[in-house]
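Reviewing the structure listed below.
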Amino acid sequence: MTTPQPDFRRGLEALDEAVAQAPLPQTLHQPPWARPASRRPAYFAGTVAAVMAVGLILIWPRPGPVPVDPDATQVVFSPASCAPATMTARLSLDKGCAIELPNFDLVIEALAVAQLEHTHRGFRVLQGELQFERSEALESSPVQVWVSNGRLEVLGARFLVRQDRAGQGSVLAQQGRMRFVAPGQAPIVLRPGGTHRWRKSQPELPPARWSKERIDEEVAAASHARAEGHYDEARARLTKLLRAPVGEPVAEIMSFELGGLLESKLGDPVAACGHWRAHQRRFPGGQYMKPVGDRLNDCPSGNSAGAQE
Amino acid sequence: MAAHSLSWSTSVPAPMSDSERLEGLYVEHRDQVYRWALRYGAGDSEFAEDVTQEVFMRLMRALPRLSDTEKLGGWLYRVTANRCLSRLRRRRLTQTILSGLGLHRAPPCVLEDQLAARQDLQHVLETVRALPAREGMVLTMLHLDGLSQSEIAQTLGLSRGYVSKLVARGTAKVRARGWEVGP
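Heads up: the protein sequence lines correspond to chains A and B, in order. Per this note's numbering, the very first residue in the first sequence carries number 14; after that it's consecutive. Per this note's numbering, the very first residue in the second sequence carries number 138; after that it's consecutive.
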């Protein structure tokens, strides 16, 4: 005869019932604002002190004379091996490394090698791919994340920021409320699933001879070359089209086509993986996000910058 | 013209000051907030105390903007749940680091005296504390608070699909520890 398994819900209820018998602690008899001083002046101070003692929690240096609340600059690295030997306001994170900033209610995880900077106004993403997650969804002041062409004001949110050295980047809002503010432009409110891209300077437009008709002809020629089995020609035409002002939806389709061509017809997995990475960077949250993600899962991880089409 | 039945109070009480109002709200709701925090913190009294303080400090700041204190219960519940989740996640991270260094200690529990005598409580406590913060929270809200997955998602500011995933993951871990988990 087998022993019946205990019921989890009943177990929880029993625990809750037992816990509910606990009297209210003496410290809570008075409201916090009426007490002379908090019993624990800084939350988690004990833990923080312990971690500090072994050098795993570091105080982020204040940039210059700007007054920064020291409590707001506590940083916890996860895993601990991600912590740098010397802490500076500029921080490099390897892929998979995360930092938690308890006083901001913020966790930042590097999905690719990244650099960011802590300023008195918030954070500046210098380069890389960073996932920001802020659990606080209620009354709070927004955290500001600066990118090359503006800033993100974030209340409760999960979002992904990509930024390259050249000043191009994007943000993909995954949860919560946020808006993108750029100088001289109306704020852009981003809802979950929404993406915004930016460029530091005016995009380098190809010569004006790229008329709509010419683009249509090039698309048709690339398609024809592919159908005829002239894959190298199709590759060259698609690559050229991706540099033309074809509009992002068309470019995305062309890019997906090119990736497929490299992968299945030209049998060049290295170039294909590089291309899929470039595709993901250029079209974050695009219509091919899932199939491209699946293909990237099969790609060897590495620091390959990818084919820059 | 339609007749309206109106009843007027003959004497209007003097309006309460904000601090009096806040004081009254604290006395009225502190036990409930502390209980919720104890529940989500799996009996950790220090955790619950800190959360309670924090929630009422937030109430103090937010009170002028809260138009309807009749609905304060819902506001307090949401804030408490979010504060708990935030702290549990933070605690989890530091515990991971401390465990790696062999410095981890179990959080204090209001049931210390009872645990030795009650194996059932010890078992469920270990199970809950072993769960990742979010999974523990959503399972507690689902099974104890009786919230639907949509309500949990709304309260914690998560997507419905993500909550569903957390419930599935958490349930699998609970089952792996030998528990029966109903629908």
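Even glycine gets a Cβ: it sits at the ideal position worked out from N, Cα and C.
Worksheet item: Got a sec? Which residues, its chain only, sit under 6 Å from A/L254 by beta carbon, not counting five neighbours each side?
Response: E231 and M267
State the start and end residues of the unbroken beta strand (DSSP E) segment that holds A/E113. Unbroken beta strand (DSSP E) run through A/E113: A111 to L114.
Check your understanding: Thinking just about the alpha-carbon of each residue, which of A/G141, A/V120, A/T99 and A/A98 is nearest to the one in A/K108?
Key -> A/G141
Pull the bridge partners of A/R147 from the DSSP assignment, please. A/L119 and A/A170
Q) So which of B/R195, B/L222 and B/Y163 has the shortest CA-CA distance to B/T292? A) B/L222
Excluding the 5 residues preceding and the 5 following B/A267 in the sequence, name in chain order all residues of the same chain whose CB lies nearer than 8 Å to its CB. Here B/A267 has K310 and R314 as same chain residues with Cβ atoms under 8 Å from its own Cβ, once five neighbours each way along the sequence are excluded.
inquiry  = Does any residue of chain A have a CB that is nearer than 7 Å to the CB of B/R172?
reply    = yes
task = Assign A/R250 to one of two classes, buried (16 or more other C-beta atoms within 10 Å of its C-beta) or exposed (fewer than that).
result = buried
Within the 7 Å Cβ cut-off, does B/E263 reach chain A?
B/E263 does not count as touching chain A.
- Query: By Cβ distance, which residues of its chain are closer than 7 Å to A/V120, with the 5 residues on each side in sequence left out?
  - Reply: A111, E113 and E146
- How do the region 191-202 of chain A and the region 161-168 of chain A stand: do at least 3 beta-carbon pairs fall below 8 Å, yes or no? yes
| message | What does the alpha-carbon distance come out to for the pair A/V126 and A/R178? | response | Distance between the alpha carbons of A/V126 and A/R178: 12 Å.
Cβ of B/E157 within 7 Å of any chain A Cβ: no
Next item on the list: Show which residues of chain A have a CB atom less than 8 Å away from the CB atom of B/Y214.
Entry: Those within 8 Å of B/Y214 in chain A number zero; the least Cβ separation is about 11 Å.
inquiry  = Can you check whether the C-beta of B/Q190 is within less than 7 Å of a C-beta belonging to chain A?
reply    = yes
**Request:** For chain A, find out if any of its Cβ atoms is closer than 7 Å to the Cβ of B/L225; answer yes or no.
**Result:** Contact of B/L225 with chain A is not assigned, every C-beta pair being separated by 7 Å or more.
Practice item. On a CA-only basis, which of B/M197, B/R224 and B/T277 is nearest B/E157? Give me that one, please. Key: Residue B/M197 is the option with its Cα nearest to B/E157.
* To do: For A/H292, count neighbouring Cβ atoms within 10 angstroms of its own Cβ and tell me buried if that reaches 16, exposed if not.
  => buried
Please classify A/A31: does DSSP put it in a helix, a strand, or coil?
helix
Reduced DSSP secondary structure (H/G/I, E/B, other) of A/A284: In the structure shown, A/A284 adopts helical secondary structure according to DSSP, grouped into three states.
### Task
Kindly say whether B/S301, judged by its beta-carbon, lies nearer than 7 Å to any beta-carbon of chain A.
no
What does B/M197 reach in chain A if we use C-beta pairs closer than 9 Å?
P44, P45 and W46
Please state if the CB of B/L276 and the CB of B/G307 are separated by a distance shorter than 7 Å.
-> yes
Does the CB of A/R22 have a neighbour CB from chain B at under 7 Å? yes
Check your understanding: When the Cα atoms are used, what is the spatial distance from A/A247 to B/W316?
Key -> 59 Å
Exposed unless 16 or more other CB atoms sit within 10 angstroms - verdict on A/A88
The residue asked about is misnamed: residue 88 of chain A is Val in this sequence, not Ala. Flag for A/V88 reads buried.
- Does DSSP classify A/A257 as helix, strand or coil? coil
Legend entry - Residue from B/L225, B/E288, B/G294 and B/Q259 with nearest C-alpha to B/P269: B/L225
Q | Residue-level contact to chain A via CB, B/R271, 7 Å cutoff | A | no
Closer than 8 Å, Cβ to Cβ, to anything on chain E: give me those residues from the region 285-299 of chain A, in chain order.
Among the protein chains in the structure shown, which are A and B, there is no chain E.
*What residues of chain A sit near B/V311, judged by a beta carbon separation below 8 Å?*
F21
* Nearest to A/S91 by CA position, among B/R228, B/D282 and B/G210, is which residue? -> B/R228
Burial state of A/Q187, where buried means 16 or more other Cβ atoms lie within 10 Å:
buried
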